[in-house]
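Residue numbers for the sequence shown follow the numbering used here, so the first one is 385 and each next one is one higher. Think of the CB as a built atom: it goes at the ideal place given N, C-alpha and C, for glycine as much as any other residue.
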Amino acid sequence: MKEIYLSKEGLRRLQAELSHLKNIKRKEIIERIQEAKFYGDLAENAEYEAAKNEQAFVEGRILELESTL
385 MKEIYLSKEG LRRLQAELSH LKNIKRKEII ERIQEAKFYG DLAENAEYEA AKNEQAFVEG
445 RILELESTL
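Next comes the structure, spelled out in structure tokens:
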């Protein structure tokens with residue numbers, strides 16, 4: 385694993401980002417996915433697809449931050 389050096393401020397920023405993603409952004413995306421399910425067929429539902437794509441990005445970023453910290 386590659387070593388990453390962080391300043392105290394850099395560490396604080398990454399911890400804040402991780403907290404925001406886990407505690408706020410995840411919940412927002414789950415709500416969007418639930419709402420999008422009411423728009424009909426999921427195969428042709430742009431709102432659902434966009435929310436799922438954002439969820440994948442956020443979950444990937446969470447994993448990246450957790451491995452860094």
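In the three-state reduction of the DSSP assignment, Leu453 falls in the coil class, being assigned neither a helical nor a strand state.
For Tyr423 and Glu438, the gap between their C-alpha atoms comes out near 18 Å. Between Tyr432 and Ile413, the gap from beta carbon to beta carbon reaches 9 Å or more. Annotation for Glu428: no alpha helix (DSSP H) segment contains it, and DSSP assigns it neither H nor E.
Boundaries of the alpha helix (DSSP H) around Ser403: Lys392 to His404.
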